[in-house]
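K.L.:
Here the working numbering runs 3 ahead of the position in the sequence shown, where the first position is 1.
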Amino acid sequence: MEAFTVMTAVAAPMLRDNIDTDIIIPSREMKTVSKTGLSAGLFAGWRYTAIGGREPNIEFVLNQPAYAGTRILLGGSNFGCGSSREHAVWALYDYGFRCVVSSFFADIFKNNCLNIGVLPVTISAEFADILFAAIAADPTTTVEINLPQQTITLLATGASESFDINEYKKDNMQHGFDDIDYLINMSAEIEGFEASR
Numbered sequence: 004m005e006a007f008t009v010m011t012a013v014a015a016p017m018l019r020d021n022i023d024t025d026i027i028i029p030s031r032e033m034k035t036v037s038k039t040g041l042s043a044g045l046f047a048g049w050r051y052t053a054i055g056g057r058e059p060n061i062e063f064v065l066n067q068p069a070y071a072g073t074r075i076l077l078g079g080s081n082f083g084c085g086s087s088r089e090h091a092v093w094a095l096y097d098y099g100f101r102c103v104v105s106s107f108f109a110d111i112f113k114n115n116c117l118n119i120g121v122l123p124v125t126i127s128a129e130f131a132d133i134l135f136a137a138i139a140a141d142p143t144t145t146v147e148i149n150l151p152q153q154t155i156t157l158l159a160t161g162a163s164e165s166f167d168i169n170e171y172k173k174d175n176m177q178h179g180f181d182d183i184d185y186l187i188n189m190s191a192e193i194e195g196f197e198a199s200r
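1. Could you tell me how far apart the beta carbons of Ile148 and Met10 are, in whole angstroms, since I believe they sit closer than 8 Å?
2. Tell me, please, which residues DSSP counts as bridged to Met10.
3. Which runs of the beta strand (DSSP E) fall wholly inside the region 101-179 and span at least 3 residues, in chain order?
4. State the start and end residues of the unbroken alpha helix (DSSP H) segment that holds Ile187.
5. In chain order, what residues of the same chain have a beta carbon less than 8 Å from the beta carbon of Asn169, not counting five sequence neighbours either side?
6. My output table needs one value for Phe63: the three-state DSSP class, helix, strand or coil.
7. Return helix, strand or coil for Asp97, following the three-state DSSP convention.
8. Give me whichever residues DSSP pairs with Ala20 in a beta bridge.
9. Within 10 angstroms of its Cβ, does Ser190 collect 16 or more other Cβ (buried), or is it exposed?
10. Give a yes or no on contact between the region 105-117 and the region 44-57, applying the rule of three or more CB pairs nearer than 8 Å.
11. Run through DSSP, which three-state label would Phe196 get?
12. Leaving out five residues on either side along the sequence, give the residues of the same chain with a beta carbon under 6 Å from the beta carbon of Lys172.
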């Protein structure tokens, strides 16, 4: 997975609570066992004008030019609720998102994010309102996510908030490691320990 340290980007706003994993990627879009190729089905029920079709719904946020190619998604509360499917995070990652910001994440979704390489940033509901208001006023508003400092900053005003992350997962994300990569990186130490036994 891609290493994450500091990211500055426009954040695509989805001011809806309870966006579940079936909304993130409907089951009908999961036609592969691969971790790639799922981006076409990301938010398919909202991105396209018809079920199973691929004609873009121009009203949907990700189809608007202001948010093309952004790597930060700002969601409402309880983001990633519903089933535990990893495909939801794989679809986000495959689309290009490297960070999702919300005032509350479903636990399994949050852990899937950390395992796959999408940084889940939990902020207060009050700070979420500030971000949504700033983006509504100016869609080009940029946000900085600083993983080493564990801060999220609205660059236009300097308003900032800190976020929590498990130290092990933080270190892995900064190095672009999943759990297997972490162990492989320690292979010399593991082999040394084994040799000493």
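From the three backbone atoms N, C-alpha and C, an ideal C-beta is built for every residue, glycine too. All figures in this text were calculated on a predicted structure; none of them were measured in a lab.
P.N.:
Here's the rundown:
1. 5 Å
2. DSSP, once it has assigned bridges, lists Ile148 as partnering Met10.
3. Assignment of beta strand (DSSP E) within the region 101-179, counting only whole runs of 3 or more residues, yields 102-105, 122-125, 145-149, 154-157, 162-165 in chain order.
4. 182-188 is the extent of the alpha helix (DSSP H) around Ile187.
5. Leu117
6. coil
7. helix
8. The sequence as given places Asp at residue 20; Ala does not occur at that position. In the DSSP output, where bridge partners are listed per residue, Asp20 has none listed.
9. exposed
10. no
11. Looking at Phe196 - three-state DSSP - the assignment turns out to be helix.
12. So the list reads Leu117, once near-sequence residues are dropped.
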